[in-house]
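J.: Handing you a structure now.
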Amino acid sequence: MTRWRILADQHDHETLVARLLTQLRLRALPARVSPEELTSLPHAPGVYLFYGANQALLYVGKSIDLRSRVASHFTNALHDDRELRISQQTERIEYEQTDGDFSAQLREIELIKARQPLFNRKLRRQKNLLTWQWPKHAATPVLTSQWLHDESACYGLFKNRREGLETLKKTATEHRLCPETLGLEPAHGRCFAYQLGRCAGACQGIESREAHEDRARQAMAPWRLANWSWHGPILVMEGEQNERGHLFDQWCYLGAVDSIGDAYRTRHDRPRFDADIYRLLKRYIGVSAPPGTVNVLPLDPALMEWRR
Numbered sequence: 001m002t003r004w005r006i007l008a009d010q011h012d013h014e015t016l017v018a019r020l021l022t023q024l025r026l027r028a029l030p031a032r033v034s035p036e037e038l039t040s041l042p043h044a045p046g047v048y049l050f051y052g053a054n055q056a057l058l059y060v061g062k063s064i065d066l067r068s069r070v071a072s073h074f075t076n077a078l079h080d081d082r083e084l085r086i087s088q089q090t091e092r093i094e095y096e097q098t099d100g101d102f103s104a105q106l107r108e109i110e111l112i113k114a115r116q117p118l119f120n121r122k123l124r125r126q127k128n129l130l131t132w133q134w135p136k137h138a139a140t141p142v143l144t145s146q147w148l149h150d151e152s153a154c155y156g157l158f159k160n161r162r163e164g165l166e167t168l169k170k171t172a173t174e175h176r177l178c179p180e181t182l183g184l185e186p187a188h189g190r191c192f193a194y195q196l197g198r199c200a201g202a203c204q205g206i207e208s209r210e211a212h213e214d215r216a217r218q219a220m221a222p223w224r225l226a227n228w229s230w231h232g233p234i235l236v237m238e239g240e241q242n243e244r245g246h247l248f249d250q251w252c253y254l255g256a257v258d259s260i261g262d263a264y265r266t267r268h269d270r271p272r273f274d275a276d277i278y279r280l281l282k283r284y285i286g287v288s289a290p291p292g293t294v295n296v297l298p299l300d301p302a303l304m305e306w307r308r
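Take 1 as the starting number for the sequence shown in full-length UniProt numbering and just add one per residue.
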């Protein structure tokens, strides 16, 4: 009788498979990572960090099950070239446990952008993004990187000025909007687009400014960023009976606090908009977010302290 048959007779199928997977994962560990280092990881949400020679940070990841996810990196190295390169260079593992998946994803974004791990390319530090901001009573939109903390409508996220201008110019052509009225060209009366039949005549008074603005905002609507639904900052918390949370205002991350009181006592810097934070937060508290994933507590903006 073979050894495998003896094991099969002694254990049920699920136990046998679990033990085999454990052995496979341990055998797949990098040479400088001990089995104890893997088994010390909790089956809990958090972020993990792989370090290589000379304490170089190789990779940052997140998971709702730290031990299983880290182990999967090394077993996947058997058939994935990228995972193999990570595994071959990994000498040490660190982790930070979080209150849930939202906190883990948020922390992952922070760590990757702050520390620039070798193998994290998608979330590397972004350049200062631009957006078309169009306040309610403004005549034209403005392409800017200065995020206004008010109710201005914001349209699109652009890597540079050229991309932002080309996007709006293309939209203007498709919808017969006036480049002069939009502020894309100096005002000289009749615009060149009107002479080509690509402008409905706002520059000539044929179309009223109000009608033109309505059409322009409708044309830009598909790339409008979501409105902030609160009158001020919010505290996003995970888990019941837990006051620890993350502060946000106008889709911008202000930082983590240990309690609601700390949220009011701490002096906060005015934050910079981050597209990855925006997308993450929108998934969790947006209109289509699954209910009950996180708890949202609106805060009184009059009680918040800001650094000047």
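Glycine included, every Cβ here is placed at the ideal spot set by N, Cα and C.
These numbers were taken from a predicted model, which means no experiment stands behind them.
In whole angstroms, what is the alpha-carbon distance linking residue 71 and residue 181?
T.: Start at 1 with the first residue of the sequence shown, and residue 71 comes out as number 71. Start at 1 with the first residue of the sequence shown, and residue 181 comes out as number 181. Taking the straight line from one Cα to the other gives about 58 angstroms.
J.: May I ask you to report which of helix, strand or coil DSSP gives residue 170?
T.: Here residue 170 corresponds to residue number 170 of the sequence shown, with the count starting at 1. Note: residue 170 maps to helix in three-state DSSP.
J.: By Cβ distance, which residues of its chain are closer than 6 angstroms to residue 244, with the 5 residues on each side in sequence left out?
T.: Stepping through the sequence shown from its first residue, residue 244 is reached at position 244. Result list for residue 244: 258, in chain order.
J.: From the DSSP output, in three-state form, read off residue 210 for me.
T.: For the purposes of this step, residue 210 is identified with residue 210 of the sequence shown, where counting begins at 1. Reduced to three states, the DSSP call for residue 210 is helix.
J.: Please state whether DSSP places residue 17 in a helix, a strand or coil.
T.: For the purposes of this step, residue 17 is taken as the residue at position 17 of the sequence shown. Residue placement at residue 17 cannot be trusted, given a pLDDT of 49 that sits under 50; what the coordinates show is reported in the next sentence. If DSSP states are grouped into helix, strand and coil, residue 17 belongs with the helices.
J.: Would you mind sorting residue 246 into buried or exposed? The rule is 16 or more other CB atoms within 10 Å of its CB.
T.: Residue numbering aside, residue 246 sits at position 246 when the sequence shown is read from its first letter. Buried, by the Cβ-count rule.
J.: Would you give the residue range spanned by the alpha helix (DSSP H) that residue 76 belongs to?
T.: Translated into the one-based positions of the sequence shown, residue 76 becomes position 76. Per DSSP, residue 76 belongs to the alpha helix (DSSP H) from 66 to 76.
J.: Taking the straight line between their C-alpha atoms, what separation do you get for residue 249 and residue 261?
T.: Residue mapping note: residue 249 aligns to position 249 of the sequence shown, counting from 1. Residue mapping note: residue 261 aligns to position 261 of the sequence shown, counting from 1. If I take the Cα positions, the gap works out to 17 angstroms.
J.: Given residue 104, which residues of its chain have a CB within under 6 angstroms of its CB, disregarding the five upstream and five downstream residues?
T.: Position 104 of the sequence shown, counting from 1, holds the residue named residue 104. Excluding positions up to five away in sequence, the list reads 45, 46, 47, 62 and 98.
J.: Hey, residue 92 and residue 51 are a contact pair by Cβ (cut 8 angstroms); roughly how many whole angstroms apart?
T.: In the sequence shown, the residue the question calls residue 92 occupies position 92. In the sequence shown, the residue the question calls residue 51 occupies position 51. Contact holds; Cβ gap of about 4 angstroms.
J.: Is residue 63 helix, strand or coil by DSSP?
T.: Taking the first residue of the sequence shown as 1, we reach residue 63 at position 63. Strand at residue 63.
J.: Could you have a look at residue 179 and say whether DSSP puts it in helix, strand or coil?
T.: One-based indexing of the sequence shown puts residue 179 at position 179. Reduced to three states, the DSSP call for residue 179 is coil.
J.: Rank 57, 196, 213 and 189 by C-alpha distance to the C-alpha of residue 204 and give the top, closest one.
T.: As a working mapping, residue 204 is identified with position 204 in the sequence shown. Checked all of 57, 196, 213 and 189; the closest Cα to residue 204 is 189.
J.: Could you have a look at residue 54 and say whether DSSP puts it in helix, strand or coil?
T.: What you label residue 54 is simply residue 54 of the sequence shown in a count that begins at 1. Helix, per DSSP.
J.: Thinking C-alpha only, which one of 216, 299 and 55 is nearest residue 139?
T.: Along the sequence shown, read from residue 1 onward, the residue named residue 139 stands at position 139. Considering only alpha carbons, the answer is 216.
J.: Pop quiz: residue 198 and residue 171 are said to be a contact at Cβ under 8 angstroms. What is the actual Cβ separation, rounded to whole angstroms?
T.: Counted from its first residue, the sequence shown places residue 198 at position 198. Counted from its first residue, the sequence shown places residue 171 at position 171. About 12 angstroms; that fails the 8 angstroms criterion.
J.: Around the C-beta of residue 137, are 16 or more other C-beta atoms found within 10 angstroms, so that it is buried, or is it exposed?
T.: The residue labelled residue 137 in the question sits at position 137 within the sequence shown. With fewer than 16 Cβ atoms within 10 Å of its Cβ, residue 137 is classed as exposed.
J.: Would residue 292 be called buried (16 or more neighbouring beta carbons within 10 Å of its own) or exposed?
T.: To locate residue 292, count along the sequence shown from 1; it is residue 292. Exposed: under 16 other Cβ atoms inside 10 Å.
J.: Of the residues 192, 175 and 300, which one's Cα is nearest the Cα of residue 230?
T.: Within the sequence shown, the letter at position 230 stands for residue 230. For the residues 192, 175 and 300, the minimum Cα distance to residue 230 belongs to 300.
J.: What residue from 213, 95 and 289 has the CA that sits closest to residue 176's CA?
T.: As a working mapping, residue 176 is identified with position 176 in the sequence shown. Residue 176 has its Cα closest to that of 213, out of 213, 95 and 289.
J.: Under 8 angstroms by Cβ, that's how I've got residue 236 and residue 294 pegged, so tell me the actual separation to the nearest angstrom.
T.: As a first step, residue 236 is located in the sequence shown; it is residue number 236 there, counting from the start. As a first step, residue 294 is located in the sequence shown; it is residue number 294 there, counting from the start. Going by Cβ atoms, the distance from residue 236 to residue 294 rounds to 5 angstroms, so yes, they are a contact pair.
J.: Is the CB-CB distance between residue 132 and residue 156 below 9 angstroms?
T.: Reading the sequence shown from its first residue, position 132 is the one you call residue 132. Reading the sequence shown from its first residue, position 156 is the one you call residue 156. Result yes, Cβ atoms of residue 132 and residue 156 sit closer than 9 angstroms.
J.: Kindly list the residues whose CB is nearer than 6 angstroms to the CB of residue 158, restricted to its own chain and excluding five residues on each side of it in sequence; keep chain order.
T.: Stepping through the sequence shown from its first residue, residue 158 is reached at position 158. Cβ neighbours of residue 158 beyond the five flanking positions: 130 and 164.
J.: Which same chain residues, not among the five before or five after residue 101, have their C-beta less than 6 angstroms away from its C-beta?
T.: If you number the sequence shown from 1, residue 101 lands on position 101. Correct list, in chain order: 45 and 64.
J.: Using DSSP with H/G/I as helix, E/B as strand and the rest coil, what is residue 104?
T.: On the sequence shown, residue 104 is found 104 positions in, with the first residue counted as 1. In this structure, residue 104 counts as helix in the three-state DSSP scheme.
J.: Does residue 73 pass the burial test, meaning 16 or more other C-beta atoms within 10 Å, or should it be called exposed?
T.: In the sequence shown, the residue the question calls residue 73 occupies position 73. Answer is buried; the Cβ neighbour count reaches 16.
J.: Near residue 298, what residues of its chain come up, given a Cβ to Cβ distance below 6 angstroms and the 5 sequence neighbours on each side ignored?
T.: In the sequence shown, the residue the question calls residue 298 occupies position 298. The answer, listed in chain order, is 230 and 234.
J.: Between residue 184 and the rest of its own chain, which residues show a CB-CB distance below 8 angstroms, the 5 nearest in sequence each way excluded?
T.: Locating residue 184 in the sequence shown gives position 184, counting from the first residue. Answer for residue 184: 165, 168, 169 and 172, listed in chain order.
J.: Measure the Cβ-Cβ separation of residue 193 and residue 179 and say whether it is below 9 angstroms.
T.: On the sequence shown, residue 193 is found 193 positions in, with the first residue counted as 1. On the sequence shown, residue 179 is found 179 positions in, with the first residue counted as 1. Yes. Within cutoff.
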